[in-house]
Amino acid sequence: MFLLDKIKDAKIIFVVGGPGSGKGTQCEKVVAKYGYTHLSSGDLLRAEVASGSERGKTLQAIMQKGELVPLDTVLDMIKDAMIAKADVSKGFLIDGYPREVKQGEEFEKKIGAPSLLLYIDAKPETMVKRLVKRGETSGRADDNEETIKKRLDLYYKATEPVIAFYSGRGIVRKIDSELPVDEVFTHVAKAIDDLK
Ligand SMILES: Nc1ncnc2c1ncn2[C@H]1C[C@H](O)[C@@H](COP(=O)(O)OP(=O)(O)O)O1
Ligand SMILES: [Mg+2]
1 MFLLDKIKDA KIIFVVGGPG SGKGTQCEKV VAKYGYTHLS SGDLLRAEVA SGSERGKTLQ
61 AIMQKGELVP LDTVLDMIKD AMIAKADVSK GFLIDGYPRE VKQGEEFEKK IGAPSLLLYI
121 DAKPETMVKR LVKRGETSGR ADDNEETIKK RLDLYYKATE PVIAFYSGRG IVRKIDSELP
181 VDEVFTHVAK AIDDLK
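Written as structure tokens, this is what we have:
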């Protein structure tokens, strides 16, 4: 209840799209323009791995295979991060979550309902190309061609149903992420402005 009270006036935006579609890139720009808090589930998990904890070691093995980590682990991390920012944040970008419909349902039970789902859409060829390039410098264990393929398969199987699920509620805005970064952002900003 405490958490819900504190964040009830803050907007929750789910940012959903395939690996390499440009979620992180757009979220950074939203942070700069709107001062929202950006929570990337992947970044939170990678921070846990980097800490060297036992939990981190388990997570590392799962992520290296391109699989989804247990639902409760991700949700707890997001929730803790939201609590930490609840006093200063007027909005939350939840990037890379929900990865499957069940994750969305659990989020709503424990935290709250999203006002908007930004669907960052790019073609599979584009995503692969961007990820391979990102892999040259990202140091991410999952930015290699074999894992990328598994992540894409999982995206189409598990995450696309999330978009259908929230489309039914009329909160999905599909964003063409084939365009140059700044043009993509024009559409993202429009979707956020329309919230007010
Ligand atoms: N609209 C765009 N045009 C060209 N490159 C883009 C782009 N959006 C993102 N990129 C690049 C930046 C990264 O190196 C790579 C993946 O972007 P990202 O924001 O890290 O994706 P995600 O967070 O969805 O995995 O693609
Ligand atoms: Mg990302």
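The numbers in full-length UniProt numbering rise by one with no breaks, and the one at position 81 of the sequence shown is 81.
Every residue gets a Cβ at the ideal spot worked out from N, C-alpha and C, and that includes glycine.
Tell me the rounded alpha-carbon separation between residue i and residue j.
i    : j    : result
S53  : A47  : 10 Å
G20  : D9   : 31 Å
R151 : G24  : 16 Å
V30  : I175 : 14 Å
G66  : E146 : 9 Å
E136 : K129 : 11 Å
E106 : P98  : 9 Å
L39  : T126 : 24 Å
Would you say the beta carbon of residue i comes nearer than 8 Å to a heavy atom of ligand 2?
i    : result
D143 : no
S40  : yes
D121 : no
D43  : yes
If you follow the alpha helix (DSSP H) that residue i is part of, which residue opens it and which one closes it?
i    : result
S167 : E160 to S167
S138 : P124 to S138
Ligand 1 and residue i: does the residue's C-beta get closer than 8 Å to at least one heavy atom of that ligand?
i    : result
D95  : yes
V181 : yes
K23  : yes
K157 : no
P19  : yes
Q26  : yes
Where do the N-terminal and C-terminal ends of the beta strand (DSSP E) with residue i fall, by residue?
i    : result
L116 : L116 to D121
Below 8 Å CB to CB, which residues in the same chain sit around residue i once its five sequence neighbours on both sides are set aside?
i    : result
Y119 : V16, G17, I163, V172, R173, K174 and I175
Q60  : V49 and A141
Once you ignore the five residues that flank residue i on each side, which residues in its own chain have a CB closer than 6 Å to its CB?
i   : result
L75 : E106
Closest Cβ-Cβ distance between residue i and chain C: below 9 Å?
i    : result
Y119 : Judged by its chain identifiers, the structure shown contains no chain C, having just a single protein chain.
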